[in-house]
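This report refers to the structure that appears directly beneath it.
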Amino acid sequence: MTAIREVIDIDRSPDEVYAYVTDPSHLPEWQLSAVSADLLDEGPTHTGSRVRVTRRIGNREMPMTVEFTELDPPHSWDLHGIEGPVRPRAHGEIEPLDDGRRSRVTIELDFEGHGLGKVLVPLVVRPQMRKELPRDEQLLKHRLERTTD
1 MTAIREVIDI DRSPDEVYAY VTDPSHLPEW QLSAVSADLL DEGPTHTGSR VRVTRRIGNR
61 EMPMTVEFTE LDPPHSWDLH GIEGPVRPRA HGEIEPLDDG RRSRVTIELD FEGHGLGKVL
121 VPLVVRPQMR KELPRDEQLL KHRLERTTD
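The opening position of the sequence shown corresponds to residue 1 in UniProt numbering, with each subsequent residue numbered one higher.
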């Protein structure tokens, strides 16, 4: 069972939403704790692509490496942390609404702690993300809906 799950409706097509959320360069634009995100592999994002993400957790900046383990455009994506003390497991789904003119986005998160992360995950990370994910989804909605056609 996932620790955190949030759902939001966005006035953009599933293709537009999917392209935005699976492009690592956009992470700091819509995720409050993301300081930076860099694709580590050449070419477009694909299953197996690795991303180096630096996040602000509590009052510390922590780098972590995540890998896309599934990409099913424009329906879903999965990524898992493969390096760092805090390793996220994220699953996202996009459901078309109104004949594909709008989208329902569901994001589920959980975390695995390694070393110091075993302490940080229950005490800092999960509480922070329970507060942050709804705001992240609102920011995602705002970023995508403010774009003009």
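Every residue, glycine too, gets a C-beta built ideally from N, C-alpha and C.
Look at Pro44 here: in three-state DSSP terms it is coil, with no helix or strand label.
For Val119, the uninterrupted alpha helix (DSSP H) run begins and ends at Gly117 to Leu120, by DSSP. Counting the other Cβ atoms within 10 Å of the Cβ of Glu29 gives fewer than 16, which makes it exposed.
Assigned with DSSP and collapsed to three states, Gly84 falls in coil, not helix or strand.
Secondary-structure assignment with DSSP links Trp77 through a beta bridge to Leu71 and Gly92.
Ranked by Cα distance from Pro85, the options Arg101, Val66 and Pro44 are led by Val66. Here the C-alpha atom of His80 lies approximately 6 angstroms from the C-alpha atom of Pro88.
Straight through space, the alpha carbons of Gln31 and Gly100 are spaced by roughly 25 angstroms. Shortest Cα-Cα distance from Pro63 to any of Asp78, His26 and Thr54 involves Thr54. According to the DSSP assignment, Ala19 belongs to no beta strand (DSSP E) but to the alpha helix (DSSP H) extending over Pro14 to Val21.
When C-alpha distances from Ser25 are compared across Leu40, Pro14, Asp11 and Asp15, the shortest belongs to Leu40.
The DSSP-derived three-state label of Asp99 is helix. The C-beta of Gly92 has 16 or more other C-beta atoms within 10 Å across all chains shown, which makes the residue buried. In the same chain as Asp15, and ignoring 5 residues on each side of it, the C-beta atoms closer than 8 angstroms to its own belong to Pro73 and Pro74, in chain order. By the criterion of at least three beta-carbon pairs nearer than 8 angstroms, the region 36-52 is not in contact with the region 101-109.
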